[in-house]
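Below is one structure; the comments refer to it alone.
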Amino acid sequence: MAVRKEHFGTMSDGREFFLYTITNKQGLSASFTDLGAVWTNMMVPDRSGQMADVLLGYEDASGYLNNRPHMGSVLGRIANRTGGARYVLNGKEYHLGKNDGANNLHSGPEYFDQRLWNVTAVEDSSVTFRLESPDGDQGYPGNAVIFVKYTLTDENVVEIEYQAVCDHDTPMNLTNHAYFNLGGHGSGPVYGHLVQIDADRFTPTDRLSIPTGECMPVHGTPMDFTVVKKIGDDIHADFEQLIKSKGYDHNYCLNHAPGEYALAAWVYEEASGRALEVFTDLPGVQFYTGNWLDGKEGKDGILYHDHDAFCFETQFFPDAVNKPQFASPVIKAGERFVSKTGYHFFIK
């Protein structure tokens, strides 16, 4: 295996950024850029051996410089939503940008995916990116150093290892916002994809998509993926949680033990034979069905529409920094946070 490096684009201040492509022994390839540590491409064969890019994204660098759907992005310090764009830590109130109504989404507007990360290591099958987030950045305390390492194994797994350390107690909830379509990035709605999620509960949300603080059983609701079913079976159901979100955009409370690296979700697209397993050691995963793509132009000039993709964003529960009943995303000063997520591609 080897990593190919090529020029990808130039920032407004003249700094260049690059694309790093890893190809394994099976012929699969994954590409990443130091602009935002974004995962840009994932080439996977179908059952006949025909390769297709199963990640939604942009044709060239200009799209990633204005990546509002955050395709393939690393998001932090807190991914997902923070209610009221504020939180209290160690008795002090902190305020974030209000970029989602009265709330904060993905710690914007100074998103991690619009920053140039440093490349600290390029090995035969991996690339490691590093970002310094200074004290007060985005409204968070402490000087944080964040590492994201992408590895493509010969077993067709993209492993994402997150590490972070800070000189002050601070929230840290990192994820990747890859948009998948196992039929190929331009193959239309994902209604026919079969999905199973190892979660008996989910966190319902209020009208502004902030978790209420409950963990509600999925059984007997359209949120239930404990048994394999198609995404399209219930996505248009007359169910409040789905109506207000225009589809699935919910955190699932995974069944595995805290800290255990285990299977979280499984997806299969019958026409191509491509399948995907998602592994994580985090307590939750956001299942999102691209409900706000709104005709965004992507690769090959294709317009991406609502429900043309799905995301499985591994995470601490949304708004956990304001919900003491949820596992805390706060890391202590000087302690190193380490977490791993794996995406295993295979033919079924």
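Take 224 as the starting number for the sequence shown in the working numbering and just add one per residue. Glycine is no exception: its CB is placed at the ideal position from the N, C-alpha and C atoms. For clarity, every value in this text was computed on a predicted model and none was experimentally measured.
N474 vs D423 beta-carbon contact at 8 Å = Position 251 of the sequence shown, counted from the first residue, corresponds to residue 474. Position 200 of the sequence shown, counted from the first residue, corresponds to residue 423. No, these two residues do not count as a Cβ contact at 8 Å.
Apart from the five residues just before and just after V350, which ones in its own chain have a Cβ nearer than 8 Å to its Cβ?
-> As a first step, residue 350 must be located in the sequence shown, where it is residue number 127. Only V226, Y243, I245, F255, V342, A344, K372 and Y373 meet the Cβ criterion.
Rounded straight-line distance, which links the Cα of F403 to that of D336 = Position 113 of the sequence shown, counted from the first residue, corresponds to residue 336. Position 180 of the sequence shown, counted from the first residue, corresponds to residue 403. So the two alpha carbons sit approximately 18 Å from each other.
Have a look at D257, Y310 and R304 and flag the residue whose alpha-carbon is nearest the alpha-carbon of Y287.
-> To locate residue 287, count along the sequence shown from 1; it is residue 64. Y287 has its Cα closest to that of D257, out of D257, Y310 and R304.
Between the Cα of D390 and those of C534, P364 and P427, spot the shortest distance and give me the residue it belongs to.
-> In the sequence shown, residue 390 corresponds to position 167, counting from 1. The shortest Cα separation from D390 among C534, P364 and P427 belongs to P364.
If you run the structure through DSSP and keep just helix, strand and coil, what is F539?
-> For the purposes of this step, residue 539 is taken as the residue at position 316 of the sequence shown. Note: F539 maps to coil in three-state DSSP.
Between which two residues does the beta strand (DSSP E) harbouring A488 extend?
-> One-based indexing of the sequence shown puts residue 488 at position 265. Segment A485 to E492, the beta strand (DSSP E) holding A488.
Nearest-angstrom Cα separation, counted from A488 out to D421 = If you number the sequence shown from 1, residue 421 lands on position 198. If you number the sequence shown from 1, residue 488 lands on position 265. Each residue's Cα considered, the two are about 6 Å apart.
Bridge partner(s) assigned by DSSP for Q509 | Your numbering for residue 509 matches position 286 in the sequence shown. The partner list for Q509 (beta bridge, DSSP) reads N474 and E536.
Evaluate S235 with the Cβ neighbour count: other Cβ atoms within 10 Å of its Cβ, from every protein chain shown; 16 or more gives buried, anything less gives exposed.
-> One-based indexing of the sequence shown puts residue 235 at position 12. Exposed is the call here.
Note the first and the last residue of the continuous alpha helix (DSSP H) segment covering G232.
-> Looking up residue 232 in the sequence shown gives position 9. Segment A225 to T233 is the beta strand (DSSP E) holding G232; no alpha helix (DSSP H) there.
Quick one: is G285 buried, meaning 16 or more other Cβ sit within 10 Å of its Cβ, or exposed?
-> As a first step, residue 285 is located in the sequence shown; it is residue number 62 there, counting from the start. Looking at the sequence itself, residue 285 is Ser, so the reference to Gly does not match. S285 should be labelled exposed.
Host beta strand (DSSP E) of A367 (start-end) | Position 144 of the sequence shown, counted from the first residue, corresponds to residue 367. First-last of the beta strand (DSSP E) with A367: A367 to L375.
Run the CB neighbour count on E536, radius 10 Å, all protein chains shown included, and call it buried at 16 or more, exposed below.
-> Stepping through the sequence shown from its first residue, residue 536 is reached at position 313. Result: buried.
Work out the CA separation of N322 and P292 for me, nearest whole Å.
-> Position 69 of the sequence shown, counted from the first residue, corresponds to residue 292. Position 99 of the sequence shown, counted from the first residue, corresponds to residue 322. C-alpha separation (whole angstroms): 13 Å.
Write down every uninterrupted run of the beta strand (DSSP E) in the region 402-437 whose length is 3 residues or greater and which is fully enclosed by it, in chain order.
-> 417-420 and 424-426
How would you call R559, buried or exposed, if buried means at least 16 neighbouring beta carbons within 10 angstroms?
-> Here the question's residue 559 lines up with position 336 in the sequence shown. Burial call: exposed.
Give the secondary structure of A275 by DSSP, where H, G and I count as helix, E and B as strand, and everything else as coil.
-> Within the sequence shown, the letter at position 52 stands for residue 275. Strand, per DSSP.
Under the three-state DSSP convention, the category F240 falls into = For the purposes of this step, residue 240 is taken as residue 17 along the sequence shown, with counting starting at 1. In this structure, F240 counts as strand in the three-state DSSP scheme.
Going straight from the alpha carbon of H567 to that of K546, what length do you get?
-> Working through the sequence shown from its first residue, we reach residue 567 at position 344. Working through the sequence shown from its first residue, we reach residue 546 at position 323. About 32 Å.
Counting Cβ pairs closer than 8 Å, one from the region 402-416 and one from the region 424-443, do we hit at least three?
-> no
Express the C-alpha separation of I458 and E500 in angstroms, rounding to a whole number.
-> Residue 500 sits at position 277 when you count from the first residue of the sequence shown. Residue 458 sits at position 235 when you count from the first residue of the sequence shown. When rounded, the distance between both Cα atoms is 21 Å.
E355 beta carbon less than 8 Å from that of H416 | In the sequence shown, counting from the first residue as 1, residue 416 sits at position 193. In the sequence shown, counting from the first residue as 1, residue 355 sits at position 132. Cβ atoms of H416 and E355: not closer than 8 Å.
Buried or exposed (CB count within 10 angstroms, at least 16 for buried), K522 | The count along the sequence shown starts at 1 and reaches residue 522 at position 299. Burial call: buried.
Exposed or buried, what is M265 when buried is set at 16 or more other beta-carbons lying within 10 Å of its beta-carbon?
-> Locating residue 265 in the sequence shown gives position 42, counting from the first residue. Its Cβ being crowded by 16 or more others within 10 Å, M265 is buried.
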